[in-house]
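What follows is a short report on a single structure.
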Amino acid sequence: MDPYPCDDREVPSLFAAYLRVYEPLAAFDRERQVYWRRYVKEGRAVAPLEGPSRQRTSVIEALGASWTRLPNLPDEAYVLEWGDSLLICPWNLRVRVAEAALTARDGVPPVIADAFVPPALAGQAQSVVDDWRSGARVLEHGLPRLHEQVSTWGVPLRWFAFVDLADRELSTRPGRRVLRYRCAISKARARAQEAHAILERSLGDVPITQAVAETSRWLDEFHDSSLVELDYGGLVALMSDDQLIADDSPGLIAHGLTAVAEGRGDDATKAYEQLVERWRAIQLLERCN
């Protein structure tokens, strides 16, 4: 099978990008392996361009059901055949519902917040999110890892440090417009470590250095035979074919990091400004939405 199949059937309604990790079956315990094999055999896997809308519907339905406890949602996943391996990217909807529950309470008067998301549910949601954010607990206690990070109305610039232009998969066919980058997790980890070393040495412990380090730690949670995917997702609907074809964001990040490492400040600034300007145009569309 082509390791870069472009078989998604529809454009998602969510203007978001995704950083995903697909793990081999060996990364899961025996019970989960049996479950995922049956899941694939029954044809239940969801295409990446259909998944965001499905996830959103599941989260909304869960929050709109007057739960006092976090519901047990069915296990769903994206599935990818890579060479001879079957790779799984679970959704972990429990964490998504927990995050949504806490977000729904932000900036809302307590009386209204408690009516929509009861305190008991909010407490459970906070516990679930805290456990997920603590990578040590994930690794030490076998808690479900969150295989997908989401960014609306743009791609965090640090994500581009983990992939390379050679990893690109592009399709501009009507109804199947896709731009994503896929690589072995070993390559993504090496790039993350190199980027962090350059930033720490040149800029110190600034927010961008911390952000790269945090994502690097996240990558360390997964099996060594995993695959990393940076998917532009619904953002492709905001970009023309020419923009997709010309996109060289990972290359600009690589060029900027090299310039920083070599002390060429002007070149590093130029690459950074190009990236910021490119993605600001898409972020500004959020205000018009």
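If you read the sequence shown in the UniProt record's numbering, its first letter stands for residue 1, the second for the next number, and so on. Each residue gets a CB set at the ideal place from its N, CA and C atoms; glycine is no exception. As the structure is a prediction and not an experimental result, all values here were calculated from the model.
Taking all protein chains shown into account, Asn92 has 16 or more neighbouring C-beta atoms within 10 Å of its C-beta and is therefore buried. Sequence-distant Cβ neighbours of Ala16 in its own chain, meaning closer than 8 Å and more than five residues away, are Pro52, Val150, Ser151, Thr152, Trp153, Gly233, Gly234, Leu235. Contact check for Val260 against Ala254 fails: the beta carbons are separated by 8 Å or more. Secondary structure of Thr152 (DSSP, three-state): strand.
Annotated three-state conformation of Val21 is strand, per DSSP. For Leu146 against Val95, the beta-carbon gap comes to about 5 Å, under 8 Å, which counts as contact. As summarised for the segment 169-221, the continuous beta strand (DSSP E) elements at least 3 residues long and confined to that stretch are 178-184, given in chain order. Look at Ser127 here: in three-state DSSP terms it is helix. For the pair Leu86 and Val79, the CB atoms are nearer than the 8 Å cut-off. Across the set Arg173, Ile88, Val59, Pro109, the C-alpha of Arg173 shows the shortest separation from the C-alpha of Leu244.
In terms of Cβ geometry, Ile112 and Glu23 do not form a close pair [threshold 8 Å]. Membership of Val40 in the alpha helix (DSSP H) is indicated by the continuous run 30-41. Fewer than three beta-carbon pairs drawn from the segment 216-233 and the segment 30-37 are found closer than 8 Å, and the two stretches are therefore not classed as touching. Non-local C-beta neighbours of Leu252 in its own chain, meaning closer than 7 Å and more than five positions away in sequence, comprise Ala271, Gln274, Leu275, ordered along the chain. Put simply, the backbone Cα of Ala166 is about 26 Å away from that of Asp266.
Residue pairing by DSSP places Trp82 opposite Ser85 in a beta bridge. Cα atoms of Ala125 and Ser249: separation of roughly 35 Å, rounded to the nearest angstrom. In this structure, Arg180 lies away from Glu221, with their beta-carbon atoms at least 8 Å apart. For Glu229, the enclosing beta strand (DSSP E) has its first and last residue at 227-231. Leaving aside the five residues that flank Gln193 on each side, the residues in its chain whose CB is nearer than 7 Å to its CB run, in chain order, Ser216. Where Ala100 is concerned, the enclosing alpha helix (DSSP H) starts and stops at 93-105. DSSP places Ala77 within a strand segment (E or B) once states are collapsed to three. Here the alpha carbons of Asp130 and Ala122 stand approximately 12 Å from one another. A direct Cα-Cα distance of roughly 10 Å separates Gln283 from Glu277. Within the same chain, Cβ atoms closer than 8 Å to the Cβ of Ser186 are found at Asp224, the five residues on either side in sequence being excluded. With contacts defined by Cβ atoms closer than 8 Å, Ala104 and Phe116 form a contacting pair.
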